[in-house]
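Residue numbers (our numbering): 67 to 122. Cβ coordinates follow ideal geometry from the N, Cα and C atoms, glycine included. The structure displayed is predicted, hence computed values, not measured ones. Notes for the one structure printed next.
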Ligand code: FES
């Protein structure tokens, strides 16, 4: 549950789920703003979108 999703920023799946549940993130851009995941190479975008889909 706490695997690293964004290697560039060291953001875990749990941190992304928390941002969705507690900070109201609904899009990849929201996640970028709140967690800084996805702000470097963008390679984690698909994984983050999958987490948004399965969490919302
Ligand atoms: S792995 Fe997330 S920005 Fe590079």
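- beta strand (DSSP E) segment containing residue 145, residue limits: This structure gives no information on residue 145, because the portion of the chain shown stretches from 67 to 122.
Using a Cβ-based criterion (distance less than 7 Å to any ligand heavy atom), does residue 107 qualify as near the ligand ATP?
For the ligand ATP, the structure offers nothing, since it holds only the ligand FES.
- Item | Proximity of residue 100 and residue 110 at Cβ, strictly below 8 Å | Taking the first residue of the chain shown as position 1, residue 100 is located at position 34. Taking the first residue of the chain shown as position 1, residue 110 is located at position 44. No, these two residues do not count as a Cβ contact at 8 Å.
query = When the Cα of residue 115 is compared with those of 83, 68 and 106, which residue comes out closest?
reply = As a position in the chain shown, residue 115 is number 49, starting the count at 1. Residue 115 has its Cα closest to that of 83, out of 83, 68 and 106.
Worksheet item: Where does residue 121 sit, in a helix, a strand or coil, going by DSSP?
Response: Along the chain shown, one-based indexing puts residue 121 at 55. Helix, per DSSP.
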